[in-house]
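Chemist: Just passing along the structure, written as structure tokens.
What follows is the structure, given as structure tokens:
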């Protein structure tokens with residue numbers, strides 16, 4: 001499933017969270033729930049989900065080795081956090097705060 005952020009973080013000075021997933025990935029579903037809660041708590045967070053198989057070039061460019069992988073970037077595109085596996089809500093919110 002590929003989703004587009006509801007709010008462009010560059011427009012709000014927000015944080016961009018990119019979730020790389022793959023089909024039939026149970027940890028991906030858990031990560032999706034963590035990121036949804038983070039976005040609910042902090043409206044300046046924009047989440048984009050990319051299926052690795054459908055976005056192979058971008059995944060390779062971003063150095064994705066496993067799913068789920070979450071990359072948190074500031075509005076200017078600078079990576080401030082990367083998690084391979086399921087991050088905690090606290091990790092995501094802390095990283096998003098650093099990106100703001």
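In UniProt numbering, the protein residues as written are 1 to 100.
Cβ coordinates follow ideal geometry from the N, Cα and C atoms, glycine included.
For residue 1 and residue 47, what's the separation of their Cα atoms in angstroms?
Modeler: Here the model assigns residue 1 a pLDDT of 45, short of 50, so the residue's position is not dependable and the matter cannot be decided.
Chemist: I need the boundaries of the beta strand (DSSP E) containing residue 69, first residue and last residue.
Modeler: 69 to 73
Chemist: Ordered along the chain, which non-local residues of its own chain (more than five positions away) have a Cβ less than 8 angstroms from that of residue 50?
Modeler: Contacts found: 2, 18, 19, 20, 21, 58, 59.
Chemist: Could you check whether residue 81 and residue 95 sit closer than 8 angstroms to each other, using their CB atoms as the reference points?
Modeler: yes
Chemist: Residue range of the alpha helix (DSSP H) that residue 41 falls in?
Modeler: Here the alpha helix (DSSP H) through residue 41 covers 26 to 41.
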